[in-house]
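One structure is given below, encoded as structure tokens.
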Amino acid sequence: VIGFGLTGEELDSICNGTMAASPLRMIDDSGVGVADAFYAHMQGKEIPKIWSGPFIMVDECTEGRKHYVGATRISKPVMGY
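Sequence positions in the sequence shown follow this note's numbering and run 8 to 88.
Right under this line is the structure:
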């Protein structure tokens, strides 16, 4: 089983062996990128039409937890888990 998005539940499933892997979008980096684009647009600067942001494929529990902590370093106090 492969997940998509690396929710906390998906990370738990990888750790207990019921899920093989899940891509993790660096959630907070994406939010910062969107905010930067709004700011640049307000200043009349050209902004990219397409932007995805970084993804990391997580298939191991310990490394996955480290990446998850980094991906939610700003939003975790608000979103939980």
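Think of the CB as a built atom: it goes at the ideal place given N, C-alpha and C, for glycine as much as any other residue. Quick caveat, the model's predicted, so the values are computed rather than measured.
Assuming residue i and residue j are in contact, meaning their beta carbons sit under 8 Å apart, how far apart are those beta carbons, in whole angstroms?
i	j	result
residue 10	residue 26	6 Å
Have a look at residue i and residue j and give me their C-alpha separation to the nearest angstrom.
i	j	result
residue 83	residue 17	16 Å
residue 70	residue 77	11 Å
residue 42	residue 51	14 Å
residue 66	residue 22	9 Å
residue 30	residue 49	32 Å
residue 28	residue 79	18 Å
Looking only at its chain, what residues have a beta carbon closer than 6 Å to the beta carbon of residue i, apart from the 5 residues adjacent to it on each side?
i	result
residue 37	60
If you follow the beta strand (DSSP E) that residue i is part of, which residue opens it and which one closes it?
i	result
residue 65	62 to 65
What are the boundary residues of the alpha helix (DSSP H) that includes residue i?
i	result
residue 69	68 to 78
Practice task
Please go through the region 11 to 46 and give each complete alpha helix (DSSP H) segment of 4 or more residues, from N-terminal end onward.
Solution key: 15 to 23
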